[in-house]
Structures are given as structure tokens and as C-alpha cells.
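Heads up, the sequence shown is in the numbering used here, so the first residue is 46 and it goes up one at a time. Note that CB positions come from ideal geometry on N, CA and C, so glycine has one too. These notes concern the structure reproduced below.
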Amino acid sequence: MGHYVARRLLQMIPVFIGSTALVFLMMYALPGDPVRALAGEQYSDPTQIAALKAELGLDKPIWWQYWDYLTGLVQGDFGTQIASRRPVAEVIADAWPVTVQLALFALVFTTVVGVALGIVAGLRPDSFRDRALLGLTLVLVSMPSFVLGRLAQYFFAFQLDLVEPNVSLDENWNELLLPATVLAALSLAYVARLTRTSIAENLRSDYIRTAIAKGLPRRRVIGVHLLRNSMIPVVTFLGTDLGTLMAGAVVTEGIFNIHGIGSLVFDALGHREGATVVGVVSLIVIVYLICSLLVDLLYAVLDPRIRYV
């Protein structure tokens, strides 16, 4: 397994470089001047603008800027935010915790509720509760997150007065409940469907019929034999879902006025803050890659027949 992990870690390097290079080029291709857009009238003098560009390295060719970014990243330097002149790492560190809380909250909700609904429906395929789950998940998959967020905000905050419509700067856990549920809705639908399909298919497998024929208790058949083999596709999805939830938080944080990574990226895109956007993307790519590696290692726990070569 050690060789497998080492090889996977080495494979992450070109993936990380390719992902960040693509985002870096996209930010560079956007029209407009980031210094003029972000500094406004403060640096209306062309000499000051040129000096600021030289200070930030924006007057260099794109490949040089990207090389400077990579070499700085190795040393923990994510660049400088032009508007505030603060290190991007410091800006991200301020916004990162609330987004991580929101994403973890949504991931736990997705896992617990999605798997439970999938098991309930998969054990009784073509029943009323199975069809009800398929209908509910179809609605969640079809509904854009900004529509679902506004509807949830309208009913639970303005009509029922159960929660606050916006999250305060303290970001209490109870305030994050509604936005986390909205953020998790799409993933929950996929997890419930994956679990339901996997459970229903494995329920007809020979090893399940053999376990039942041996007279094993139903609880042991479902809890040990059926669930263990049915969770592999679900774990695969959940492993990459944490990064997806962080990326998807852009819309949810905007709806509920959460000052996290989503709002930071949204503002950075509007002001062409390339260093901030690439810095956030770099962290999300790292989360994706680490989660993907952990999922691959978890396969052997769920299915001992899997061997790493």
C-alpha cells in the first residue's frame, strides 16, 4: 500500500499544476485591468498604476507570473490581495473556517439522511415509499440551488419565523442549519438514489440469498453483508463531495449573506482578483485530491477483495 500511496501523491502534482494553471489563464484572459478595477480612483495616476503593477508582478509575462505564483505557493505565499494589500493566505484564513463548517455540516446531513432514505427505499423497491423517494429526489435534482435557497428562506425565516434569514457574523451552528440543508439538497438526492439502487441490486445477489438461506438474522444480513457491499459507490461520491460542497457554497453563501469562501470568490471575480481566486481554487483542488486518495484507501476496508497494485 505504501507504494500505491506514494504513486498517487506523485500523480497529484501534475493534476494540481494543470488545474491551477487553467484557472490562472482564465483569470488572465478576462477583460479589464485588475489594478484599475480594484484600486479605483486611488491610483488614477498612470505612474502609480505602473508602479503598483510592478510591485505585484503584474507587468511580467503570464508564464512568469504563474511561475512566481507556484514558487511562492511552495513557501506558503498565496500572493497579495490588491484591494486590501493583505496576503491572500490571511484573507483566505479569515473566510475558510465558516465555509468548512458549512460544508462539513452539509456533508454530515447528506450522509446520514441520504443513506437512511436510500436504505428505506432500497429494501422495498417499487413500493410507495420507494416511488415517493424517487419523486422527492427528482424534484431536488431539478431545482436550482438559488431557487431552493430563496424558497427555504421565505418559508422558514419569513413565514414560519423559525430561523434568521441571514447568518450573523458570529456564524452560530443553529444559523448554519438552513443554508447547510440547502447546500446539501442536491448531494442528498444523489446519495439517496445511489444507495437505493445499490441496495436493491445487491438484495437480489447470490450471497444475500445464501446468507438468508443459512438462517442469519435479518439485521445481520442487512447491516453486515448488504450494507458493506452497497456502500462502495456511495463512498466514492461522498469522497469527492466535500470539494463540490465548498465550490457550491458560492451561491448558498450569497443567499444567506455568509462571509465565507463563496462570497470571497464572488467579490474576487468581480474585481479580477486573480491571486485570490487561484488561491481558493488551489485549496479546493488539494481537498479534492486528498479526499479522492482517502476514498481509494477506504475501498479495501469495505471490500477486502480489493488489492492495491
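Item, Value
"Ranges of the alpha helix (DSSP H) found wholly within the region 261-310, counting only runs of at least 4", "272-300"
"Exposed unless 16 or more other CB atoms sit within 10 angstroms - verdict on isoleucine 137", "buried"
"Residue from Leu261, Phe203, Gly260, Ser275 with nearest C-alpha to arginine 249", "Ser275"
"Simplified DSSP state of proline 132, which is helix, strand or coil", "strand"
"Best match in Gln204, Leu205, Pro224 for proximity to serine 213 [C-alpha to C-alpha]", "Pro224"
"Inter-residue Cα distance where the pair is asparagine 211 and glutamine 146", "16 Å"
"Per-residue burial, leucine 334 [other beta carbons within 10 Å of its own, 16 or more giving buried]", "buried"
"Unbroken stretches of the alpha helix (DSSP H), 4 residues or longer, contained in the region 132-213", "133-167, 173-187, 190-197"
"Buried or exposed (CB count within 10 angstroms, at least 16 for buried), glutamate 318", "buried"
"Near the ligand MG: alanine 230 beta-carbon under 7 Å from a heavy atom", "Ligands in the displayed structure: none, and consequently the ligand MG is not present."
"Boundaries of the alpha helix (DSSP H) in which methionine 46 is found, first to last residue", "That residue, methionine 46, is in no alpha helix (DSSP H); it is neither H nor E in DSSP."
"At least 3 beta-carbon pairs within less than 8 Å: the region 277-284 vs the region 122-139", "no"
"Any 3 or more C-beta pairs closer than 8 Å across the region 257-265 and the region 220-237", "no"
"Nearest-angstrom beta carbon gap, leucine 228 and glycine 293 [assumed within contact, 8 Å]", "6 Å"
"Limits of the unbroken alpha helix (DSSP H) element including proline 91", "91-101"
"Inter-residue spacing [alpha-carbon to alpha-carbon] between alanine 134 and serine 243", "42 Å"
"Any 3 or more C-beta pairs closer than 8 Å across the region 189-207 and the region 316-330", "no"
"Alpha-carbon spacing of valine 332 relative to leucine 338, whole angstroms", "10 Å"
"Cβ-Cβ distance between alanine 151 and leucine 343 below 8 Å", "no"
"Threonine 116 versus tryptophan 109: straight-line alpha-carbon distance, rounded", "11 Å"
"Beta-carbon spacing of threonine 144, isoleucine 306 below 8 Å", "yes"
"Option nearest glycine 102 by Cα separation, candidates Thr182, Gly121, Gln126", "Gln126"
"Whole-angstrom distance between glycine 63 and glycine 47, CA atom to CA atom", "25 Å"
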